[in-house]
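Have a look at the structure below before the remarks.
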Amino acid sequence: MNYSFHPDAEKELNEAIAYYNECQNGLGLEFAKEVYSTIQNILSFPNAWAPLSTNTRRCLTNRFPYGVIYQVTDNELFIIAVMQLNREPEYWKKREKKA
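Rendered as structure tokens:
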């Protein structure tokens, strides 16, 4: 299964990497590895996490306060958001692909 990012989700990921690198040298790389490890878990078990809506799920990262919000459509994983968990909880809903 392939995966792709919503443009805003990719921007969120890049901004978070830059933020963590400002906090501590190399921390952004560790964050990126954690997010991509989470994506690999999703690819292995796409239905393992509880639904947020009809066709959207969220998988939490282990080490950072982030969740990967995604949909599985036509055998592709579509990443809607790389969400900082303290942020407005439903801001990503306008990015959903309708079933």
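Just so you know, we're using my numbering here: the sequence shown kicks off at 1 and counts up by one.
For each residue, glycine too, the CB sits at the ideal point set by N, CA and C.
Note that the C-beta distance between PHE31 and ALA48 is not below 8 Å.
THR38 counts as buried, since at least 16 other C-beta atoms from the protein chains shown sit within 10 angstroms of its C-beta. Within the region 51 to 85, the complete beta strand (DSSP E) segments at least 3 residues long are 51 to 53, 56 to 60, 66 to 73 and 76 to 84, listed from N- to C-terminus. Note on GLN71: 16 or more other CB atoms within 10 angstroms of its CB, so buried under the neighbour-count rule. According to the DSSP assignment, PHE5 belongs to the beta strand (DSSP E) that extends over 2 to 5. The C-beta of ALA9 has 16 or more other C-beta atoms within 10 Å across all chains shown, which makes the residue buried.
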